[in-house]
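Read through the structure below, which is laid out as structure tokens, and then see the notes.
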Amino acid sequence: MTMEPIFVQKLRALLSRLPLNHPVREKVESDLGKRVAGYKGEQSLHYYLSFLPEKEFHILYDLRLSFNNHFFQIDVLLLSKRFFLILEVKNMAGTLLFDDRFNQVIRIKDGEEEPFQDPLQQVKHQQFQFLNWLKRKHIEPAPVEALVLIVNRNAILKTMDEKSKYVEKVLHSTMLLPKIDNFKKLYKDFHLTDKDIKKIKKLLLKNNTPYNPDVLQLYNLSKTDLLSGVRCPNCSYLPMDRVYGKWICRDCDTSAKGAHLNALLDYSLLCRSTISNQEVRSFLHISSPSVAQKLLQSLNTPQTGTTINRTYKLPLQHLYSLIKKSPC
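Residue numbers (full-length UniProt numbering): 1 to 328.
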């Protein structure tokens, strides 16, 4: 399973650093829930997509491209010599009633009705933008198809009209492979070369810009809104105390040598990707500059500046690696 999108990582970190009574907390929880549901929905597709021949299909996830000074995102893009396929993934439970007249989806769950934006219109707009993006890049693509995929097994799909436009374009994930076989037959006379596919894939990856906002700015927050300190890996108490080279929890007496690594990860996700000695002392609740210096040097990350204003980089992948190796 791939690592969660950077925005999801940031929302998790933010939620762990917000006081329980903070006015923004409910909004962050809601946004995180939606993002996680979408991510899990895409992950659930791996099983079905794993049956596609690797030599025949190239699969790209969460592709975010710029068009007309705006970004558009494609959940899943399949590239093949015969056709391209855009998938808009929805992880929704309940009865989903697709309304042709008003171009909307009404979800009926627990006896309540809730309107949603039409995912078919969404994916058609993505299709339009993608085709025009390729045109501007002087790329002649294969035919581009677009589908809405409902990945939640508890979803019941209904339409108001048997001849609804949704019938052929909205489907459960279990029907994806037969649909792909139909496209292969439909476009059997169209062929791009391996060179064409590799060129297009390379161009897409080069222009991909993952959604990575400054979450403090996004929610109109500052560092002072965050709970600082090192969190106990056993009981989640905050903050732990630094005693004789270890972190000690006041609540459960757990001792952990590398507990500060998770705190530095949160700092990198929420504040910035570099940190100074003074900032380390403030965020980790350390009084000694020499202790802070020792912790920073143990990271073995690049540093810039002189002794007085030196800063240390906090690369996310490196921190994740250190946390994985840490005994705590």
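C-beta: ideal position from N, C-alpha, C; glycine also.
Asked                                                                                                                                                                    : Found
Grouping DSSP H, G and I as helix and E and B as strand, with all else coil, what is Ser66?                                                                              : strand
Given Leu192, which residues of its chain have a CB within under 6 Å of its CB, disregarding the five upstream and five downstream residues?                             : Lys81, Ala142
According to the neighbour-count rule (16 or more other Cβ atoms, all chains shown, within 10 Å of its Cβ), is Pro5 buried or exposed?                                   : buried
Which full runs of the beta strand (DSSP E) of 3+ residues lie inside the UniProt domain "NERD" (37-153), going along the chain?                                         : 58-67, 70-79, 84-90, 94-99, 104-109, 112-117, 144-150
With distances taken Cα to Cα, identify the nearest neighbour of Leu221 among Met3, Leu18, Val8, Leu319.                                                                 : Leu18
For the beta strand (DSSP E) that Lys313 lies in, which residues bound it at each end?                                                                                   : 311-313
I'd like to know whether the C-beta atoms of Pro119 and Lys137 end up nearer to each other than 9 Å.                                                                     : no
Which of the three DSSP states is assigned to Ser326 in this structure?                                                                                                  : coil
Taking the alpha-carbon positions, what's the Phe57 to Leu79 distance?                                                                                                   : 6 Å
List the endpoints of the continuous alpha helix (DSSP H) containing Lys185.                                                                                             : 176-186
In three-state terms, what does DSSP make of Ile6?                                                                                                                       : helix
Less than 6 Å between C-beta atoms, sequence neighbours within five positions excluded: which residues of the same chain meet that for His172?                           : Ile150
How far does the beta strand (DSSP E) with Lys158 in it reach, from first residue to last?                                                                               : 155-159
So, do the segment 231-247 and the segment 23-33 have three or more beta carbon pairs nearer to each other than 8 Å?                                                     : no
Give the straight-line distance between the Cα atoms of Leu14 and Asp62, rounded to the nearest whole angstrom.                                                          : 22 Å
Pick from Thr224, Pro289, Gln9, Leu269: whose alpha carbon is nearest that of Gln278?                                                                                    : Pro289
For Gln122 and His70, I'd like the C-alpha separation in whole angstroms.                                                                                                : 15 Å
Of all the beta strand (DSSP E) runs that stay within the bounds of the segment 224-262, which reach a length of 3 or more residues?                                     : 241-243, 246-248
Please classify Leu85: is it buried, with 16 or more other beta-carbons within 10 angstroms of its beta-carbon, or exposed?                                              : buried
Helix, strand or coil: how does DSSP classify Met1 here?                                                                                                                 : The predicted position of Met1 is uncertain, since its pLDDT is 43 and thus under 50; a value taken from the coordinates is nonetheless stated next. Three-state result, Met1: coil.
What does the Cβ neighbour count give for Asp75, buried or exposed, with the cut at 16 atoms within 10 Å?                                                                : buried
Excluding the 5 residues preceding and the 5 following Met1 in the sequence, name in chain order all residues of the same chain whose CB lies nearer than 7 Å to its CB. : Its pLDDT being 43, under 50, Met1 is placed unreliably by the model, and the measurement read from it follows with that caveat. The answer, listed in chain order, is Gln43.
When you compare the CB positions of Leu176 and Leu45, do they come within less than 9 Å of one another, or not?                                                         : yes
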